[in-house]
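My numbering puts the first residue of the sequence shown at 21, with every later residue one more than the last.
Every residue, glycine too, gets a C-beta built ideally from N, C-alpha and C.
Predicted, not measured: the structure shown is a model, and the values here were computed from it.
To start, the structure itself, in C-alpha cells.
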Amino acid sequence: MRTVSCLVGCLCLAAGWARAGDVMYARSDGAYMARENPSRYTALNVLDNDKTTAWCSAGTGQNAEIEIVFFEATSIDRVDVATGNQMDANDFAAFGRVREIQLQSGEEVHSLKLSDKTGLQTFRFDPTIHSDRLLLKMKAAYRGKKERHVCLTDVVFYAGKKIVQGKDLGRHIRAHGDALPFLDTWVSGPSDAREKELVFGVRGDFRFIWVPADPDQPSVRLKGAWRLSDNELQVKPDKEKQWLSVKVKRDDAERVERLKIEDSPMAGVYDRRRTTSLDW
Numbered sequence: 021m022r023t024v025s026c027l028v029g030c031l032c033l034a035a036g037w038a039r040a041g042d043v044m045y046a047r048s049d050g051a052y053m054a055r056e057n058p059s060r061y062t063a064l065n066v067l068d069n070d071k072t073t074a075w076c077s078a079g080t081g082q083n084a085e086i087e088i089v090f091f092e093a094t095s096i097d098r099v100d101v102a103t104g105n106q107m108d109a110n111d112f113a114a115f116g117r118v119r120e121i122q123l124q125s126g127e128e129v130h131s132l133k134l135s136d137k138t139g140l141q142t143f144r145f146d147p148t149i150h151s152d153r154l155l156l157k158m159k160a161a162y163r164g165k166k167e168r169h170v171c172l173t174d175v176v177f178y179a180g181k182k183i184v185q186g187k188d189l190g191r192h193i194r195a196h197g198d199a200l201p202f203l204d205t206w207v208s209g210p211s212d213a214r215e216k217e218l219v220f221g222v223r224g225d226f227r228f229i230w231v232p233a234d235p236d237q238p239s240v241r242l243k244g245a246w247r248l249s250d251n252e253l254q255v256k257p258d259k260e261k262q263w264l265s266v267k268v269k270r271d272d273a274e275r276v277e278r279l280k281i282e283d284s285p286m287a288g289v290y291d292r293r294r295t296t297s298l299d300w
C-alpha cells in the first residue's frame, strides 16, 4: 500500500513543475486577534522580510508551532531570525520575544537560541536542510512588559546569498487576505491511507499529487491556479481551460472545515492534514 506519506520523495521527482523556494503558506496553531483581524498577526508575516509586520501567539506561546510549506523540496543553509514584535521599540518591549526555536525538518531538529535584542540573528546549517516542509516550535520566550503574547517578526531563509522565499511575498500576502482560510495542506482518501494531497499557496497556485493505493496504478501530479470568484472557491489545473468548482463546508463558527471536488482526477472530499485546529 502506498499513501501520501511518501509525498516528499515523490515531489522531488517532479522537476518539470518545480519552483525552488516559492512559499506555499505558513500557518500557526494560534495567532493573536485571529478572529477580529485575521491578517494582523498571521504566521505568513514572518516570511515577508518586513519588520513592520509580525506573528504573535494566541496565548503565551509556549510550544506554539508554525508550519511552513514550500512548492518543492528546497535547500537552506542559513536562516536569519528577528525575534519579538519589532514594529517599534514600544511593541518590542510590550510583547514577549521568542527565546528558543526548535526548527524541525522531518527527523532532523535544530535548536535556535535567540538573544533578547532587535535586528536579525543568523544561524547556519551544515549540512544544509533540504525539505518542502519545516516546523518551527517555540520552546522558550522572554516575557513582555504588558502583553502575554509572544511574537516573531521575521524568519528569512537563504541558499547561498539568495533569499529562498523571494522578495515579493509581502505583496501577495496583502493582496490575498481573503485566501487565508484555505492556505493549507488538504488530504483525501481513507483515514488510514490518504491517497491525495492538495496544497493551496498564497500566490494563487496549487500543487496536487495522487498516489493510488494500488501500486500498479500510476501517480498523478498536477499544478495550477486557484481563486475565489464571487466567494466561490475554484481551481484550474495547467493546460485546462475550465475552472473547477470546489464546494466548501464550514463549521458552526464559520471556519473552513472540509472541501469537496467532483471532477476527476482531483475528485474527493478533503480534510486538513493536521488534526489540531490551526488559526491565523
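When burial is assigned at 16 or more other CB atoms within 10 Å of the CB, is residue 82 buried or exposed? Taking the sequence shown and counting its residues from 1, the one referred to as residue 82 is at position 62. The residue in question, residue 82, is exposed, as its Cβ has fewer than 16 Cβ neighbours within 10 Å.
I need the DSSP call for residue 201, collapsed to helix, strand or coil. On the sequence shown, residue 201 is found 181 positions in, with the first residue counted as 1. Helix.
Look at the Cβ atom of residue 158, then the Cβ atom of residue 118, and state whether they are nearer than 8 Å. Residue 158 sits at position 138 when you count from the first residue of the sequence shown. Residue 118 sits at position 98 when you count from the first residue of the sequence shown. Contact: yes.
Name the one or two DSSP bridge partners that residue 88 has. Counting from one through the sequence shown, the residue named residue 88 turns up at place 68. Bridge partners of residue 88: 46 and 154.
In the DSSP assignment, find the alpha helix (DSSP H) that holds residue 189 and state where it starts and stops. As a first step, residue 189 must be located in the sequence shown, where it is residue number 169. Segment 189-195, the alpha helix (DSSP H) holding residue 189.
With a 10 Å radius around its C-beta and 16 neighbouring C-beta atoms as the bar for buried, classify residue 128 as buried or exposed. Taking the sequence shown and counting its residues from 1, one reaches residue 128 at position 108. Burial is judged here by how many other beta carbons sit within 10 angstroms of a residue's own beta carbon; residue 128 has fewer than 16 and is exposed.
Are the beta-carbon atoms belonging to residue 113 and residue 182 less than 8 Å from one another? The sequence position of residue 113 within the sequence shown is 93, counting from 1. The sequence position of residue 182 within the sequence shown is 162, counting from 1. The answer is no: Cβ separation not under 8 Å.
Considering only residues of the same chain and omitting the five flanking positions on each side of residue 26, which have a CB-CB separation below 6 Å? As a first step, residue 26 is located in the sequence shown; it is residue number 6 there, counting from the start. Its pLDDT being 40, under 50, residue 26 is placed unreliably in this model, and the value from its coordinates should be taken loosely. Cβ within range, chain order: n/a, list empty.
The beta strand (DSSP E) spanning residue 245 covers which residue range? Position 225 of the sequence shown, counting from 1, holds the residue named residue 245. DSSP places residue 245 in the uninterrupted beta strand (DSSP E) bounded by 240-249.
Applying the criterion that 16 or more other CB atoms from any shown protein chain within 10 Å of the CB defines a buried residue, is residue 199 buried or exposed? The residue labelled residue 199 in the question sits at position 179 within the sequence shown. By the neighbour-count criterion, in which a residue is buried when 16 or more other Cβ atoms sit within 10 angstroms of its Cβ, residue 199 is buried.
Beta-carbon gap between residue 140 and residue 176 smaller than 8 Å: As a first step, residue 140 is located in the sequence shown; it is residue number 120 there, counting from the start. As a first step, residue 176 is located in the sequence shown; it is residue number 156 there, counting from the start. Residue 176 is positioned such that its CB atom lies closer than 8 Å to that of residue 140.
With a Cβ-Cβ cutoff of 8 Å, do residue 106 and residue 173 count as a contact? For the purposes of this step, residue 106 is taken as the residue at position 86 of the sequence shown. For the purposes of this step, residue 173 is taken as the residue at position 153 of the sequence shown. Between residue 106 and residue 173, the CB-CB gap stays under 8 Å.
Leaving out five residues before and five after residue 222 in sequence, what residues of the same chain have Cβ atoms less than 8 Å from its Cβ? The residue labelled residue 222 in the question sits at position 202 within the sequence shown. Closer than 8 Å at Cβ, skipping near neighbours: 43, 44, 45, 64, 189, 192, 193, 196, 199 and 203.
Please go through the segment 101-176 and give each complete beta strand (DSSP E) segment of 3 or more residues, from N-terminal end onward. DSSP runs (the beta strand (DSSP E)) wholly in the segment 101-176: 116-125, 128-133 and 141-162.
What does residue 217 pair with, by DSSP beta-bridge criteria? Within the sequence shown, the letter at position 197 stands for residue 217. In the DSSP output, where bridge partners are listed per residue, residue 217 has 207 and 229.
Taking the straight line between their C-alpha atoms, what separation do you get for residue 187 and residue 75? One-based indexing of the sequence shown puts residue 187 at position 167. One-based indexing of the sequence shown puts residue 75 at position 55. Distance between the alpha carbons of residue 187 and residue 75: 18 Å.
May I ask which residues mark the beginning and end of the beta strand (DSSP E) holding residue 68? As a working note, residue 68 is residue 48 in the sequence shown. Segment: none, residue 68 is in no beta strand (DSSP E) and carries neither H nor E.
Drop a sphere of 10 angstroms on the beta-carbon of residue 284, count the other beta-carbons inside from all chains shown, and report buried for 16 or more, exposed for fewer. One-based indexing of the sequence shown puts residue 284 at position 264. Exposed.
Beta-carbon separation of residue 145 and residue 88 under 8 Å? Looking up residue 145 in the sequence shown gives position 125. Looking up residue 88 in the sequence shown gives position 68. Contact annotation: residue 145 and residue 88 have beta-carbon atoms that are not nearer than 8 Å.
Is it true that the CB of residue 116 sits closer than 8 Å to the CB of residue 209? Numbered from its first residue, the sequence shown carries residue 209 at position 189. Numbered from its first residue, the sequence shown carries residue 116 at position 96. Their beta carbons are not under 8 Å apart, which means residue 209 does not touch residue 116 by this criterion.
Residues in its own chain within less than 8 Å of residue 220 by CB, not counting five upstream and five downstream? Sequence index remark: in the sequence shown, residue 220 carries index 200 (1-based). Taken in chain order, the residues that qualify are 44, 45, 199, 202, 203, 204, 206, 226 and 246.
Residues in the same chain with beta-carbon distance under 8 Å from residue 263, minus the five sequence neighbours each way, listed in chain order, please. Stepping through the sequence shown from its first residue, residue 263 is reached at position 243. Cβ within range, chain order: 247, 249, 254, 255 and 256.
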